[in-house]
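In my numbering, the protein residues as written are 19 to 321.
C-beta atoms are modelled at their ideal positions from N, C-alpha and C, and glycine is treated no differently.
Note that the structure is a prediction, hence the values are computed from the model and not measured.
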């Protein structure tokens with residue numbers, strides 16, 4: 019009899035323990051579901067805040083186009099947006115002129131861009147073979163650019179095998195598939211280059227001294243810094259103003275005839291950070307502005 023009572027007590031204790039475990043598991047699953055729903059809602063709100071920041075950038079650039087077709091670093095759009103509180107979160111962002119950089123997609127039909135990339139690679143102590151492998155990756159034919167080039171026959175010999183793109187880059191990350199480009203090389207050229215959907219001109223009002231020195235032949239960094247100093251006193255109103263004020267007795271032999279230069283920008287990158295509750299979202303978008311309308315969103319990516 020005592021043994022039966024003991025078994026009954028143990029069974030009751032086991033049942034109580036199992037009930038506690040089951041209830042605890044259900045409560046945990048419910049809390050997890052609630053947490054997941056909250057995270058999804060917070061992510062949605064953060065994404066909406068990021069979208070609002072991109073719309074803000076479009077409005078700023080549209081308003082800027084109404085006042086002038088000259089773009090320079092003293093304009094409102096060039097001012098970094100600090101952390102601004104929003105309901106339940108905050109937003110910060112920055113508009114970056116993309117035509118202050120060497121556009122790698124220009125290599126297809128622009129000899130000056132090819133020469134500029136060679137100068138950049140030399141300054142970074144990287145092989146100029148990277149220029150020719152990239153040209154082959156971009157062009158539409160299957161003919162290698164000399165001994166340093168690489169077309170599909172090279173990529174088909176790799177494991178795994180693949181084809182040369184024979185089209186423009188869509189993002190800098192594409193470079194990792196191009197012969198000779200490892201992550202270290204990509205990181206080195208990143209501060210001076212960009213990838214845009216079509217050929218673009220270099221904005222001499224926003225390009226850094228380093229970029230000017232690689233884009234303008236026979237231009238030392240010191241001379242390029244002098245150009246930036248002249249620009250900081252007053253932005254260049256047009257290319258004639260640029261040539262008159264930028265070129266002194268030290269560099270008046272520089273030939274810019276075949277170099278695509280401008281004082282206007284069409285492509286801008288918007289980087290923003292949106293926070294809502296515990297969710298933190300970094301987003302980026304490429305904007306294209308042509309004329310005086312609102313810029314179009316070429317693409318948007320959450321990072």
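Using 8 Å as the Cβ pair cut-off and three pairs as the minimum, do the stretch 160-177 and the stretch 207-217 touch?
Segments in contact, no.
Just list the alpha helix (DSSP H) runs in the stretch 184-215, keeping only unbroken ones of 4 residues or longer that don't cross its boundaries, in chain order.
Those alpha helix (DSSP H) runs which fall completely within the stretch 184-215 and span 4+ residues are 201-207.
Quick one: what does DSSP say residue 115 is sitting in, helix, strand or coil?
Here residue 115 sits in strand by DSSP.
Starting from the C-beta of residue 118, find all residues in its chain whose C-beta is less than 6 Å away, skip the five residues before and the five after it, and write them out in chain order.
221, 224, 225, listed in sequence order.
Sorted by chain position, which residues of the same chain lie with C-beta nearer than 8 Å to residue 280's C-beta, five sequence neighbours on each side aside?
The answer, listed in chain order, is 117, 219, 220, 221, 222, 257.
Between residue 274 and residue 103, what straight-line distance do the alpha-carbon atoms span, to the nearest angstrom?
For residue 274 and residue 103, the distance between alpha carbons rounds to 47 Å.
Who does residue 286 pair with in a DSSP beta bridge?
Answer is 115, 305.
Are residue 235 and residue 133 touching if we call contact CB-CB under 8 Å?
Closer than 8 Å, so yes.
Look at residue 310 and residue 84 and say whether their C-beta atoms are less than 8 Å apart.
Cβ atoms of residue 310 and residue 84: closer than 8 Å.
Applying the 10 Å Cβ sphere with the 16-neighbour rule, what's the burial state of residue 94?
So residue 94 counts as exposed.
Label residue 145 either buried or exposed according to how many other C-beta atoms from any shown protein chain fall within 10 Å of its C-beta, with 16 as the threshold for buried.
So residue 145 counts as exposed.
Just the Cα atoms here: how many angstroms apart are residue 59 and residue 292?
Distance between the alpha carbons of residue 59 and residue 292: 14 Å.
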